[in-house]
Structures are given as structure tokens and as C-alpha cells.
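Visitor: Numbering-wise (my numbering), the sequence shown opens with residue 29 and increments by one.
Glycine included, each C-beta is placed from N, C-alpha and C at the ideal position.
Before we start, here is the structure in question, set down as C-alpha cells.
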Amino acid sequence: MQVHNFEKIWLGVALLLIVGFIATIAYGSVGAGISMVDDSGGTISAQAVQSGETGTGFDDPGVVKQSDDHYVVYVVAQQFQFRPGSGDNPIRVPADARITFMVTSPDVVHGFSITETNINTMVIPGQVAEVSARFDEPGTYGLVCHEYCGAGHHTMGGSIEVVAPSNYTAQQQAVDGEVSA
Ligand code: CUA
Numbered sequence: 029m030q031v032h033n034f035e036k037i038w039l040g041v042a043l044l045l046i047v048g049f050i051a052t053i054a055y056g057s058v059g060a061g062i063s064m065v066d067d068s069g070g071t072i073s074a075q076a077v078q079s080g081e082t083g084t085g086f087d088d089p090g091v092v093k094q095s096d097d098h099y100v101v102y103v104v105a106q107q108f109q110f111r112p113g114s115g116d117n118p119i120r121v122p123a124d125a126r127i128t129f130m131v132t133s134p135d136v137v138h139g140f141s142i143t144e145t146n147i148n149t150m151v152i153p154g155q156v157a158e159v160s161a162r163f164d165e166p167g168t169y170g171l172v173c174h175e176y177c178g179a180g181h182h183t184m185g186g187s188i189e190v191v192a193p194s195n196y197t198a199q200q201q202a203v204d205g206e207v208s209a
């Protein structure tokens, strides 16, 4: 059987395309640092979150320092705000540290998406969504609820202030000073 040269060339191009497509899929699934949210956050009673009686960080949600390089942020997503995060209560974390967000809901399904990052998870009552990030640069990032959660869904947002590590300690001390004064 005789295969014409043009046909051989097109066969080669088609094979290259297939290999290229497989390569992009492989890179997108493992090379780009993308991972699915798993069930590592565990379960929790939505009623206890509502009444603040979980015996966990959700009873007084906010940033908890684990070490100089690791902070855990407990966030309650509820109709129609993030606690903390919404209004004049932004989440404040240092740059260049591992930040683990633990997010849960006392009422309905919400979304938890941080702009300019790949953090994006559903927040399901009774479950804790656990996602980690490292913010390289100080700045303000938007926080968005991207699951329809009721009449005020479009108003449900917030912000995350990422500050330089040196400033973070200083500002935390200032806040502590106010509390003890
Ligand atoms: Cu909460 Cu939409």
C-alpha cells in the first residue's frame, strides 16, 4: 500500500496534536498545583455552629496562629456574610505563610472563593471545608460567595488583607494593646 507524503505529514500532525492535548491535560491536573477539596475538614453540627457551641474555633471565628509559618482561619459563612471577612471586618493574614481556611455554614450552602487565587470551595452545612493557600504578595483580595444562597446572595462578599510579615506582628500587638487597655 502506498501512502502519499502529504498523508504521512497529516498523520504526523494529528499524532502530535493528540500527544499535545494529553500533555496539557496532564499538566492541568498535576502540574498547575490544582487540587480538589476533600473531606479532610470533617463534619460538624450546623446547629452548634449557629449557637456557637461547637467547642472549636468556629465559636469565635478568626485567625489562630499555629506557628510563624502557619495560621488557621476559622470562617463562618452565613446568610449573608462571612464572619470574619465581610463589612469592616476583613480577614487579616501575613504574606508568605501557610494559611489554612476552615469554613462552615450554619444555614444553607454558600460558596467561598478568593479572587486572584485558585481557592474555590462550596461551604456545606454540617461539613467543614478545608483549603490552604500561601499569599506571596501583600495586598487586598476579594472574597465572594458564588453559590446562590438566598435573597441577599449578591451582597455576600468580603475581603482578605494580606500584610507583610513584619507589619503583621506589629499590627497584632497593637490590637492586643487595645484589648488589654
Ligand atoms: Cu452566600 Cu451566596
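Can you name the start and end residues of the beta strand (DSSP E) that Ile152 belongs to?
Guide: Start at 1 with the first residue of the sequence shown, and residue 152 comes out as number 124. Careful: Ile152 lies outside any beta strand (DSSP E) and carries neither H nor E.
Visitor: If I follow the unbroken beta strand (DSSP E) through Gln109, where does it start and stop?
Guide: As a first step, residue 109 is located in the sequence shown; it is residue number 81 there, counting from the start. Here the beta strand (DSSP E) through Gln109 covers 109-111.
Visitor: Identify, in the order they occur along the chain, each residue of the same chain with its Cβ nearer than 7 Å to the Cβ of Val159, setting aside the five sequence neighbours on each side.
Guide: As a position in the sequence shown, residue 159 is number 131, starting the count at 1. Closer than 7 Å at Cβ, skipping near neighbours: Val65, Phe129, Ile147, Thr149.
Visitor: For Pro193, name the three-state secondary structure that DSSP assigns.
Guide: Counted from its first residue, the sequence shown places residue 193 at position 165. DSSP places Pro193 in helix when its eight states are reduced to three.
Visitor: State the DSSP-derived secondary structure class of Ile119, mapped to helix, strand or coil.
Guide: The residue you call residue 119 lines up with position 91 of the sequence shown. Strand at Ile119.
Visitor: Beta-carbon distances below 5 Å to any heavy atom of ligand 1 define the shell here; list its residues in chain order, please.
Guide: So the residues near ligand 1 by this Cβ test are His138, Cys173, Cys177, His181, Met184.
Visitor: On the CB-based measure, 16 or more other CB atoms within 10 Å of its CB, does Ile46 come out buried or exposed?
Guide: What you label residue 46 is simply residue 18 of the sequence shown in a count that begins at 1. It counts as exposed.
Visitor: Keeping to the same chain, check which residues put their C-beta closer than 6 Å to that of Tyr102; ignore five residues upstream and five downstream.
Guide: Within the sequence shown, numbered from 1, the residue matching residue 102 stands at position 74. Correct list, in chain order: Gly85, Phe86, Pro89, Met130.
Visitor: In angstroms, rounded to a whole number, what distance separates the CA positions of Ile37 and Ile50?
Guide: Numbered from 1 along the sequence shown, position 9 holds the residue referred to as residue 37. Numbered from 1 along the sequence shown, position 22 holds the residue referred to as residue 50. Approximately 20 Å, taken between the alpha carbons.
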